[in-house]
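A short write-up of the structure that comes next.
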Amino acid sequence: MTNLKLTSLHQNREKNILFRVDMYAFQEDGIHVIYCPALDLSAYENTEDAAKKAFEGILDENINYWMNKGTLYDDLEEHGWQVKGKSRRQIKAPSRAYMMEKNEALRDITQNKKYIEYSMDVCFPETA
Numbered sequence: 013m014t015n016l017k018l019t020s021l022h023q024n025r026e027k028n029i030l031f032r033v034d035m036y037a038f039q040e041d042g043i044h045v046i047y048c049p050a051l052d053l054s055a056y057e058n059t060e061d062a063a064k065k066a067f068e069g070i071l072d073e074n075i076n077y078w079m080n081k082g083t084l085y086d087d088l089e090e091h092g093w094q095v096k097g098k099s100r101r102q103i104k105a106p107s108r109a110y111m112m113e114k115n116e117a118l119r120d121i122t123q124n125k126k127y128i129e130y131s132m133d134v135c136f137p138e139t140a
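In the numbering used here, the protein residues as written are 13 to 140.
As structure tokens, then:
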């Protein structure tokens with residue numbers, strides 16, 4: 013596997029907040045998997061590039077859903093994100109230590125699979 017660099021530029025007319033999240037790429041039974049433990053989202057395809065594209069689509073669909081339902085910040089908090097402030101959101105992604113403690117899928121990947129860890133920039137709308 014090559015070191016993938018993903019950038020989700022999910023932007024709308026509102027202000028956006030840029031975050032960097034840890035990503036994990038690995039193969040399972042010949043299928044390429046991309047996993048983001050901080051959002052608990054994954055995608056899989058036959059090639060790295062296809063898995064990358066599938067993940068970006070899934071991420072954008074989820075952000076749109078969270079925005080439309082008004083649950084973006086609630087969902088982030090459920091996944092260990094720290095969300096503070098009302099008018100100007102202050103958001104912090106969960107630490108790797110927190111994710112290792114709370115996320116069974118991440119523990120399985122890091123303990124039982126050959127993986128590549130990298131970062132991805134993600135834009136969240138400030139006023140979701």
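C-beta: ideal position from N, C-alpha, C; glycine also.
- Using DSSP with H/G/I as helix, E/B as strand and the rest coil, what is L53? Translated into positions along the sequence shown, residue 53 becomes position 41. Three-state result, L53: strand.
- Query: In whole angstroms, what separates the C-alpha of F67 from that of D61?
  - Reply: Residue 67 sits at position 55 when you count from the first residue of the sequence shown. Residue 61 sits at position 49 when you count from the first residue of the sequence shown. So the alpha carbons of these two residues sit roughly 10 Å apart.
- Work out the CA separation of K81 and N74 for me, nearest whole Å. Here residue 74 corresponds to residue number 62 of the sequence shown, with the count starting at 1. Here residue 81 corresponds to residue number 69 of the sequence shown, with the count starting at 1. Straight-line Cα distance between these residues: approximately 10 Å.
- Provide the residue(s) that pair with E146 in DSSP beta bridges, ordered along the chain. As shown, the chain starts at 13 and ends at 140. That puts residue 146 outside it, with no answer to give.
- Work out the CA separation of S131 and L118 for me, nearest whole Å. Position 106 of the sequence shown, counted from the start, is the residue given in the question as residue 118. Position 119 of the sequence shown, counted from the start, is the residue given in the question as residue 131. Using only the alpha carbons, I get a separation of about 15 Å.
- Residue(s) in a DSSP beta bridge with I128: Numbered from its first residue, the sequence shown carries residue 128 at position 116. Answer is A37.
- Starting from K96, follow the beta strand (DSSP E) in both directions and report where the run begins and ends. The sequence position of residue 96 within the sequence shown is 84, counting from 1. Unbroken beta strand (DSSP E) run through K96: Q94 to K96.
- Coil, strand or helix - N28 by DSSP: On the sequence shown, position 16 is the one that residue 28 refers to. If DSSP states are grouped into helix, strand and coil, N28 belongs with the strands.
- Item | Distance, E40 Cα to K125 Cα | Residue numbering aside, residue 125 sits at position 113 when the sequence shown is read from its first letter. Residue numbering aside, residue 40 sits at position 28 when the sequence shown is read from its first letter. The alpha-carbon atoms of K125 and E40 are separated by roughly 8 Å.
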